[in-house]
Amino acid sequence: MNNYIIRRIVQAIPLLFVISIVSFSLIKLAPGDPVLSFVTPDMGADDVARIRQSMGLDQPAYVQYFAWFKNVLTGDLGYSLVSHRPVSTMILERIPATFGLMGASLLLSLLFALPLSMLAGAKQNSIPDRILSLLSYIGISIPSFWFSMMLIYLFAVEFHWLPSMGMRTIGVDSIWDILKHGILPCTVLTFINVSVYMRYIRSNTISQLEEDYVQIQYAYGASTGTVLLRHVFKNVILPVVTILGMSLPELIAGAFITESVFSWPGMGSLGITAVHGLDYPVIMGITMISSILLVIGNLAADILYGAVDPRIKTTG
Amino acid sequence: MNTMRLRHLRSQFRQQKTGVAALVILTVFVLVSLFAFLVPHDPNLIVVMERLQPPSAQHWFGTDDYGRDYLARALYGGRVSLAVGFLSMAIAVCVGTIVGTASGYFGGWVDNVLMRIVDVLMSIPSFFLMLILNAYLKPGIGTIILIIGALSWMNIARIVRAEAMSIKQREYVLYARVSGQAPSRIIAKHIIPNVMPTIIVSATINIASAILMESSLSFLGLGVKQPNSSWGSMLNDAQGFIVDAPYMAVFPGLFILLTVLSFNFLGDVFRAAFEPKANKR
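And the structure:
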């Protein structure tokens, strides 16, 4: 088991290394010469050359990469071209808002998806199953930004029940206020997540119900409810770990869009603003951090799966 | 595609009415966007006096903030959305099939190199990468098609690779290899035709996600830009008028939803027809 974990971690290291090269090239390939932002009209060619030298831009690309990489390892991601603040600080400030929203919607998604999809799987082709399946088709097909716009129109513009933007009302500092701001974005993310998870969990439930151990329980006179709760549930919850890992990219993309529609002050909206303003250091920082989160998330899913599934131990 | 599979497909369509509905919806969308010129309004004609008019007998979908007929704009926008979806799917399917079959058929270091590239591409959030590339490169519909196509083939490659690996072990392929046929010929004559059903299923699902991606990019202002418009960029414009003209947000979004929904339905009908094992579930 320990070998398995170590092997998976070792496999992830070259991946992280390549990600750092890609992130670095995102700055290098950016249109425009970074030196020009420091040049004033009265400077001569030798002044420009001196600036270039002081920024290390006259060095070959690989030397620049290693210098940059050393900084990244110490947590220095450079400075924003727009606000001139350290990129690492800017990202760290945004992380709580993103993790709060993601965490809440993930938790809610599981709370809804597990019982609903087990019900759908147990009562295949019944009316509830059909309704749930149509809803989950809609959930995977709906553009998240449009769903957000419609919710904003209904609940914020028409009925004035909920705020449509940001995370806090200016001057108000209460948990309740943050929760109220979080309801709409959280609804969008949860609906979409539940739709994705339901498809997997439902078909897993169906195949579990065909297994011998379920038939034996029935033969002993167990009710469907008991079988589902005491036996199928244990086997259905296992693959959920993998589904969570698999759906991470969509989760991250959804966060970029949903956060920016609702002006939620998280990493996603910071990223979108940075792309609009061509703020390369911030773009690079967000790419690095979100890729690392993706790799770690997948790694954690694999390891967790290995930890809860006894079959992996012997083969791993 | 043999007759057996066609028969499966026909019986699937007979069983699943939603599949038929999806086909009808998609046909209608393709036809109306092809014949968009039949609408008596010019999508780009600005009539300041008629700005932000709600739907009426004359303007079925109302008018936008420049007084342009919104129905005409929605139909022409659909052209762009559908074209981007189809063409970037074509790119993704070609790249995915080539990489997948090469990886699965040759194995060894070819497989190793290609799959590590797939790993890397899949571990960078591709949606953000698309945003960045769109901001860096020359804006245009061609650029968007290329970017979406180039960053969405990885799943197809993985699926095709798995299929190719199992087909490679079958006796007729072994026979072809023993009888000295060139690998390119074996791939073209034996591997690809057998992976075709899987490719069709992934292609259908891929169009759905390509249309969603284009609309998200355009909605964020980093995809289709003026003077062109797509359903996504129309929603970007509509965002500013959600209070005065909510209908501007309703129509394009509904069209995206219906199109994507239909492709997803269709993909599942194909899957059920081509993979009888999945069908039983």
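If you read the sequences in order, they're chains X and V.
Anchor point for the first sequence: position 262 equals 262 in this note's numbering, and the numbering is continuous, going up by one each time.
Quick note, this note's numbering runs 1000 ahead of the 1-based positions in the second sequence.
Every residue, glycine too, gets a C-beta built ideally from N, C-alpha and C.
Just so you know, these numbers come straight off a predicted model, no measurement behind them.
Beta-carbon contacts of V/Ser1230 that lie in its chain and below 6 Å, excluding the five residues immediately before and after: The residue given as residue 1230 of chain V occupies position 230 in the second sequence. Excluding sequence neighbours, V/Ser1230 sits near Gly1077, Val1080, Ser1081, Ser1218 and Val1224.
Coil, strand or helix - X/Pro86 by DSSP: Along the first sequence, one-based indexing puts residue 86 of chain X at 86. The answer is strand: DSSP assigns X/Pro86 an E or B state.
Chain V residues whose Cβ lies nearer than 8 Å to that of X/Pro239: The sequence position of residue 239 of chain X within the first sequence is 239, counting from 1. Here the premise fails: no neighbours, minimum Cβ distance about 15 Å.
Residue burial classification, V/Arg1281 (beta-carbon count within 10 angstroms, cutoff 16): As a working mapping, residue 1281 of chain V is identified with position 281 in the second sequence. Reliability of the predicted coordinates at V/Arg1281 is poor, the pLDDT of 40 falling under 50, and no value is obtained from them.
Below-7 Å beta-carbon distance, X/Tyr153 vs any chain V residue: On the first sequence, residue 153 of chain X is found 153 positions in, with the first residue counted as 1. Chain V contact via Cβ: present.
Test item: CB-CB of V/Gly1100 and V/Val1030 under 7 Å: By one-based count along the second sequence, residue 1100 of chain V stands at place 100. By one-based count along the second sequence, residue 1030 of chain V stands at place 30. For V/Gly1100 and V/Val1030, no; Cβs fall outside 7 Å.
Member of V/Val1039, V/Met1248, V/His1190 and V/Phe1086 whose CA lies at the smallest distance from the CA of X/Tyr153: Counted from its first residue, the first sequence places residue 153 of chain X at position 153. Selected option, being the one with the closest Cα: V/Met1248.
Sheet register partners of V/Asp1069 (DSSP bridge): Mapped onto the second sequence, residue 1069 of chain V falls at position 69. Partner(s): V/Thr1063.
The segment 172-192 of chain X touching the segment 249-260 of chain X, judged by at least three CB pairs closer than 8 Å: yes
Exposure of V/Trp1153, with buried meaning 16 or more beta-carbon neighbours within 10 Å: As a working mapping, residue 1153 of chain V is identified with position 153 in the second sequence. The residue is buried, with at least 16 neighbouring Cβ atoms inside 10 Å.
Nonlocal neighbours in the same chain, by C-beta distance under 6 Å from V/Met1213, ignoring five residues either side: The count along the second sequence starts at 1 and reaches residue 1213 of chain V at position 213. Closer than 6 Å at Cβ, skipping near neighbours: Ile1148.
Pair within 7 Å by beta-carbon distance, V/Lys1168 and V/Tyr1105: As a first step, residue 1168 of chain V must be located in the second sequence, where it is residue number 168. As a first step, residue 1105 of chain V must be located in the second sequence, where it is residue number 105. Cβ distance < 7 Å, so V/Lys1168 and V/Tyr1105 count as in contact.
Coil, strand or helix - X/Tyr79 by DSSP: The residue you call residue 79 of chain X lines up with position 79 of the first sequence. Three-state DSSP puts X/Tyr79 in a strand.
Straight-line gap, V/Ile1046 to V/Leu1034 (C-alpha atoms, nearest Å): Against the second sequence, residue 1046 of chain V aligns to sequence position 46. Against the second sequence, residue 1034 of chain V aligns to sequence position 34. One C-alpha to the other measures close to 23 Å.
Residue-level contact to chain X via CB, V/Ala1021, 7 Å cutoff: For the purposes of this step, residue 1021 of chain V is identified with residue 21 of the second sequence, where counting begins at 1. Not an interface residue.
Neighbour-count burial assignment, V/Thr1003, 16 or more Cβ in a 10 Å radius: If you number the second sequence from 1, residue 1003 of chain V lands on position 3. Its Cβ having fewer than 16 others within 10 Å, V/Thr1003 is exposed.
Cβ neighbour criterion (16 or more within 10 Å) applied to X/Thr314: Taking the first residue of the first sequence as position 1, residue 314 of chain X is located at position 314. Residue placement at X/Thr314 is flagged as unreliable, the pLDDT there being 46, under the threshold of 50; a coordinate-derived value is accordingly withheld.
Reduced DSSP category for X/Ile142 - H, G, I as helix; E, B as strand; rest coil: Counting from one through the first sequence, the residue named residue 142 of chain X turns up at place 142. DSSP places X/Ile142 in coil when its eight states are reduced to three.
Cβ-based neighbour list, V/Phe1251, same chain, cut-off 6 Å, excluding 5 preceding and 5 following: Counted from its first residue, the second sequence places residue 1251 of chain V at position 251. Answer for V/Phe1251: Phe1061 and Ala1074, listed in chain order.
7 Å Cβ cut-off: residues of chain V touching X/Pro86: On the first sequence, position 86 is the one that residue 86 of chain X refers to. Within 7 Å Cβ-Cβ: nothing; X/Pro86 doesn't reach chain V, min ~21 Å.
Residue-chain proximity (X/Val236, chain V), Cβ-Cβ < 7 Å: One-based indexing of the first sequence puts residue 236 of chain X at position 236. Cβ-Cβ to chain V under 7 Å: no for X/Val236.
Sub-7 Å separation of X/Val275 and V/Ala1135 beta-carbons: The residue you call residue 275 of chain X lines up with position 275 of the first sequence. The residue you call residue 1135 of chain V lines up with position 135 of the second sequence. It is a contact, given that the beta carbons lie within the stated cut-off.
DSSP-derived helix/strand/coil call for V/Arg1281: Working through the second sequence from its first residue, we reach residue 1281 of chain V at position 281. For V/Arg1281, the predicted structure reports a pLDDT of 40, less than 50, and the residue's modelled location is therefore unreliable. A value from the coordinates is still provided. The answer is coil: DSSP assigns V/Arg1281 none of H, G, I, E or B.
V/Ala1245, DSSP secondary structure in three states: Within the second sequence, residue 1245 of chain V is the residue found at index 245, counting from 1. Coil at V/Ala1245, not helix or strand.
Complete beta strand (DSSP E) runs within the segment 1166-1200 of chain V (minimum length 3 residues, chain order): none
Test item: CB-CB of X/Ile289 and X/Ile91 under 7 Å: Taking the first residue of the first sequence as 1, we reach residue 289 of chain X at position 289. Taking the first residue of the first sequence as 1, we reach residue 91 of chain X at position 91. Taking 7 Å as the Cβ cut-off, X/Ile289 and X/Ile91 qualify as a contacting pair.
Check whether V/Asn1228 and V/Met1089 have beta carbons under 7 Å apart: The residue labelled residue 1228 of chain V in the question sits at position 228 within the second sequence. The residue labelled residue 1089 of chain V in the question sits at position 89 within the second sequence. For V/Asn1228 and V/Met1089, no; Cβs fall outside 7 Å.
Residues from the segment 267-299 of chain X in contact with chain V, defined by Cβ distance under 8 Å: Gly271, Ile272, Val275, His276, Leu278, Ile283, Ile286, Thr287, Ser290, Ser291, Leu294, Val295 and Asn298
Whole-number beta carbon distance between X/Leu162 and X/Leu184, since they are thought to touch under 8 Å: Locating residue 184 of chain X in the first sequence gives position 184, counting from the first residue. Locating residue 162 of chain X in the first sequence gives position 162, counting from the first residue. 6 Å between Cβ atoms; contact.
Beta carbon proximity, V/Pro1246 to chain X, threshold 7 Å: As a working mapping, residue 1246 of chain V is identified with position 246 in the second sequence. At least one chain X Cβ lies under 7 Å of V/Pro1246.
Contact check, X/Thr273 vs X/Ser144, beta carbons under 7 Å: Sequence index remark: in the first sequence, residue 273 of chain X carries index 273 (1-based). Sequence index remark: in the first sequence, residue 144 of chain X carries index 144 (1-based). No; because the gap between Cβ atoms is not below 7 Å, this pair is not in contact.
V/Ile1124 - DSSP class collapsed to helix/strand/coil: Translated into the one-based positions of the second sequence, residue 1124 of chain V becomes position 124. Of the three classes helix, strand and coil, the one that applies to V/Ile1124 here is coil, per DSSP.
Buried/exposed call for V/Arg1068, threshold 16 Cβ in 10 Å: In the second sequence, counting from the first residue as 1, residue 1068 of chain V sits at position 68. So V/Arg1068 counts as buried.
Closest Cα partner of V/Leu1026 within the set V/Asp1237, V/Pro1246, V/Ala1208 and V/Ser1233: Within the second sequence, residue 1026 of chain V is the residue found at index 26, counting from 1. For V/Leu1026, the nearest C-alpha among the options comes from V/Ala1208.
Short Cβ contact (7 Å threshold) for X/Met267 with X/Ile27: Numbered from 1 along the first sequence, position 267 holds the residue referred to as residue 267 of chain X. Numbered from 1 along the first sequence, position 27 holds the residue referred to as residue 27 of chain X. No, these two residues do not count as a Cβ contact at 7 Å.
V/Arg1014, enclosing alpha helix (DSSP H) - first and last residue: Indexing the second sequence from 1 puts residue 1014 of chain V at position 14. Its alpha helix (DSSP H) spans residues Thr1003 to Gln1015.
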